[in-house]
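Protein chains in written order, with my numbering: chain D, 27 to 275; chain E, 27 to 275.
2 protein chains.
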Amino acid sequence: MSEQEKKPVTAGFVVVGDEILSGRTKDKNIGYLADFLTEIGIDLSEVRIVPDKQEMIVEAVNTLRARYTYVFTSGGIGPTHDDITADAIAAAFGVPIDKDPRAMAILEAHYPPGEFTPARQRMARIPEGADLIENSASAAPGFRMGNVHVMAGVPYIMQTMLDAIAPTLEGGDKMHSQSIDVPLPESRIAEKLAIVQENHPKSSIGSYPKAKDGVFTTQIVVRSRSLDVLRDATSAVEALVAAALGKSI
Amino acid sequence: MSEQEKKPVTAGFVVVGDEILSGRTKDKNIGYLADFLTEIGIDLSEVRIVPDKQEMIVEAVNTLRARYTYVFTSGGIGPTHDDITADAIAAAFGVPIDKDPRAMAILEAHYPPGEFTPARQRMARIPEGADLIENSASAAPGFRMGNVHVMAGVPYIMQTMLDAIAPTLEGGDKMHSQSIDVPLPESRIAEKLAIVQENHPKSSIGSYPKAKDGVFTTQIVVRSRSLDVLRDATSAVEALVAAALGKSI
Chain D
27 MSEQEKKPVT AGFVVVGDEI LSGRTKDKNI GYLADFLTEI GIDLSEVRIV
77 PDKQEMIVEA VNTLRARYTY VFTSGGIGPT HDDITADAIA AAFGVPIDKD
127 PRAMAILEAH YPPGEFTPAR QRMARIPEGA DLIENSASAA PGFRMGNVHV
177 MAGVPYIMQT MLDAIAPTLE GGDKMHSQSI DVPLPESRIA EKLAIVQENH
227 PKSSIGSYPK AKDGVFTTQI VVRSRSLDVL RDATSAVEAL VAAALGKSI
Chain E
27 MSEQEKKPVT AGFVVVGDEI LSGRTKDKNI GYLADFLTEI GIDLSEVRIV
77 PDKQEMIVEA VNTLRARYTY VFTSGGIGPT HDDITADAIA AAFGVPIDKD
127 PRAMAILEAH YPPGEFTPAR QRMARIPEGA DLIENSASAA PGFRMGNVHV
177 MAGVPYIMQT MLDAIAPTLE GGDKMHSQSI DVPLPESRIA EKLAIVQENH
227 PKSSIGSYPK AKDGVFTTQI VVRSRSLDVL RDATSAVEAL VAAALGKSI
């Protein structure tokens with residue numbers, strides 16, 4: 027291969043929130059983070075949604091931080107009693123947690139005099155040794171501890187924090203992709219598609235059924251970090267689709 | 027307490043799909059299953075999204091089936107080479123997998139003569155000892171193996187399968203909930219809310235910040251399996267909100 031390959035850069039995502047598990051809130055952060063990471067060449071490899079329980083957060087964070095290049099978390103860093111993510115991260119890393127002077131200064135400057143209440147001071151609790159993540163939306167910072175990035179759960183605040191984190195992330199080779207819409211149910215092309223996948227092992231070929239008004243069609247998505255491989259595999263898929271449709275190409 | 031308490035019934039959900047992790051497809055099944063289970067008194071306790079890799083599916087399924095009353099999976103049971111969930115479940119349970127005569131009969135009857143191709147026959151591969159789950163949308167069945175329910179990933183097919191599964195699930199006491207909208211940022215009520223939570227340990231009080239046009243408000247959700255507990259805790263929250271707003275009640 028002529029193209030230089032970098033090692034894949036991977037990520038895990040821990041969504042903290044009883045409200046997602048109960049159905050009260052519909053998650054919007056997973057799809058956003060997936061798009062964001064794909065765009066900069068990082069593979070989101072696993073997501074866990076866990077309740078507001080310290081031992082569950084600790085288990086998920088410790089498993090994923092050992093397994094992937096980066097870990098992201100969302101949720102549980104507000105001022106109320108059910109916001110326990112910062113304490114859970116301190117427990118996961120075995121470090122103390124207390125009000126952080128940098129975070130205290132940011133929040134003190136943010137609130138009108140006399141309104142930086144003890145509840146709000148809770149948002150300044152940061153595990154020892156963490157770097158702050160700027161929150162240009164609502165001041166209360168996130169933080170980075172080792173390879174774990176702790177962000178707010180409110181989507182637009184999480185997105186703001188991701189923008190602040192982005193320059194610090196080292197992306198891998200970008201994953202390129204090509205979609206092919208096929209006006210046939212996937213079972214009509216499945217066998218030949220498996221052969222194309224076998225012949226193009228450096229590509230990843232996904233087949234996604236769609237149904238509308240009782241008509242089944244398929245979207246095939248070819249993905250590769252190499253544009254050469256992507257082009258070859260896509261051509262092979264297009265040839266098999268043309269053959270299945272009875273067209274010559 | 028006058029009300030009889032049942033043991034909580036819990037569930038884990040494994041979403042199988044590279045397409046969710048890459049961002050190409052935005053998941054709709056997690057929120058749907060969360061609502062569905064909450065409605066019948068089952069606590070969705072953990073969700074994992076894993077790629078189309080056998081060892082990842084096996085790990086998630088084996089961990090969650092030991093931990094929760096029920097496990098559900100979605101995705102990866104179609105006819106193409108990237109559909110590996112049935113094989114992964116067989117591996118997780120250490121049982122053989124082959125074309126199942128019941129599934130073969132269903133699919134044979136579904137397709138026009140001569141169109142039940144080898145690729146489509148792949149959808150009849152079911153681990154030994156599993157029960158089939160009816161798919162009234164597109165015939166190809168899901169299956170139940172032990173406490174694990176294996177469903178399609180296409181949302182309306184998953185929903186059809188859930189309807190077929192529902193009568194076989196034993197729900198717990200339904201979780202009741204009450205929402206209170208508070209026109210204040212959550213930090214204004216956080217301390218008193220923590221005390222209410224402490225005084226009502228049989229309830230679960232969540233606080234969810236909202237922001238619109240730069241104005242922060244809060245939704246408080248009180249949840250309990252006991253209507254008595256729910257009523258008492260809700261009254262206490264309403265009293266603290268009224269006090270914070272300077273109203274008498």
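For each residue, glycine too, the CB sits at the ideal point set by N, CA and C.
Residue i: contacting residues in chain E (beta-carbon distance under 9 Å)
i, result
"Asp113(D)", "By Cβ distance, chain E contributes nothing, its closest Cβ being about 14 Å from Asp113(D), past 9 Å."
"Gly57(D)", "Ile46, Gly49, Thr51, Lys52, Asp53"
Under the three-state DSSP convention, the category residue i falls into
i, result
"Glu74(D)", "In the sequence on display, residue 74(D) carries Arg and not Glu. Arg74(D) falls in the strand class under three-state DSSP."
"Met82(E)", "helix"
"Thr95(D)", "coil"
"Ile110(D)", "coil"
"Arg151(E)", "strand"
"Leu266(D)", "helix"
"Phe39(E)", "strand"
"Val68(D)", "The question names Val, yet the displayed sequence has Ile at residue 68(D). Strand."
"Ser164(D)", "coil"
"Ser100(E)", "strand"
"Ser48(E)", "coil"
"Ile183(D)", "helix"
"Ser229(E)", "coil"
"Gly57(D)", "helix"
"Phe119(E)", "helix"
"Phe142(D)", "coil"
"Glu196(E)", "coil"
"Lys218(D)", "helix"
"Asp258(E)", "helix"
"Leu133(E)", "helix"
"Leu271(E)", "coil"
"Ser28(E)", "Its pLDDT being 42, under 50, Ser28(E) is placed unreliably in this model, and the coordinates cannot settle the point."
Strand pairing of residue i, partner residues [DSSP]
i, result
"Gln245(E)", "Asp207(E), Tyr234(E)"
"Phe169(D)", "Leu158(D), Val176(D)"
"Ser250(E)", "His202(E)"
"Asp189(E)", "Asp189(E) pairs with nothing; no bridge assigned."
"Lys124(E)", "It is Asp, not Lys, that sits at residue 124(E) in the sequence shown. According to DSSP, Asp124(E) bridges with Ile152(E)."
Per-residue contacts from residue i into chain D (C-beta, under 8 Å)
i, result
"Gln47(E)", "The question names Gln, yet the displayed sequence has Leu at residue 47(E). Within 8 Å Cβ-Cβ: Ala60, Asp69, Leu70, Ser71, Glu72, Val73."
Residue i: contacting residues in chain D (beta-carbon distance under 7 Å)
i, result
"Arg50(E)", "Val247"
Partner residues on chain E for residue i, Cβ-Cβ distance less than 7 Å
i, result
"Ile159(D)", "By Cβ distance, chain E contributes nothing, its closest Cβ being about 18 Å from Ile159(D), past 7 Å."
Query raised in the report: Using a beta-carbon distance cut-off of less than 9 Å, what residues from the stretch 228–243 of chain E approach chain D?
Result: Legend: CB atoms of the stretch 228–243 of chain E lying less than 9 Å from CB atoms of chain D belong to residues Ser230, Ile231, Gly232, Ser233, Tyr234, Pro235, Lys236, Ala237, Phe242.
Query raised in the report: Just checking, does the stretch 238–247 of chain D make contact with the stretch 175–184 of chain E on the three C-beta pairs under 8 Å criterion?
Result: Too few Cβ pairs lie closer than 8 Å, so no.
Requested in this report: Determine which residues of the stretch 61–81 of chain E have a Cβ less than 7 Å from any Cβ of chain D, and write them out in chain order.
Outcome: From the stretch 61–81 of chain E, only Asp61, Thr64, Leu70, Ser71, Glu72, Val73, Arg74, Ile75, Val76, Pro77 have a Cβ closer than 7 Å to chain D.
**Report entry** Segment contact flag, the stretch 143–162 of chain D with the stretch 63–73 of chain D, C-beta cutoff 8 Å, min 3 pairs
**Finding:** With the cut-off at 8 Å, the stretch 143–162 of chain D and the stretch 63–73 of chain D do not touch.
Query - Residues from the stretch 198–228 of chain D in contact with chain E, defined by Cβ distance under 7 Å - result: Taking 7 Å as the Cβ-Cβ cut-off against chain E, the residues of the stretch 198–228 of chain D that qualify are Glu212, Ser213, Ala216, Glu217, Leu219, Ala220, Gln223.
Requested in this report: Name, going along the chain, the residues of the stretch 87–115 of chain E whose beta-carbon falls closer than 7 Å to a beta-carbon of chain D.
Outcome: So the close ones are Gly104, Pro105, Thr106, His107, Asp108.
Query - Contact set between the stretch 136–147 of chain D and chain E, restricted to residues whose Cβ is under 7 Å from the partner - result: Listed by position, the residues of the stretch 136–147 of chain D near chain E (Cβ gap below 7 Å) are Thr143, Pro144, Ala145, Arg146.
Query - Residues within the stretch 174–195 of chain E neighbouring chain D, beta-carbon criterion of under 9 Å - result: Residues Ala178, Gly179, Val180, Tyr182, Ile183.
Query - At least 3 beta-carbon pairs within less than 8 Å: the stretch 89–99 of chain D vs the stretch 32–42 of chain D - result: In this structure the stretch 89–99 of chain D lies against the stretch 32–42 of chain D, because at least three pairs of beta carbons, one per stretch, are closer than 8 Å.
Query - the stretch 53–67 of chain E in contact with the stretch 45–54 of chain D per 3-pair CB rule at 8 Å - result: Counting C-beta pairs closer than 8 Å gives three or more between the stretch 53–67 of chain E and the stretch 45–54 of chain D, which meets the contact rule.
Report task. Tell me, please, whether the stretch 210–223 of chain D touches the stretch 99–110 of chain E by the rule of three or more beta-carbon pairs shorter than 8 Å. Result -> Result yes; three or more Cβ-Cβ pairs closer than 8 Å.
Query raised in the report: Is it true that the stretch 223–233 of chain D meets the stretch 252–259 of chain D, where meeting means three or more beta-carbon pairs spaced less than 8 Å apart?
Result: With the rule of 3 Cβ pairs closer than 8 Å, the stretch 223–233 of chain D counts as touching the stretch 252–259 of chain D.
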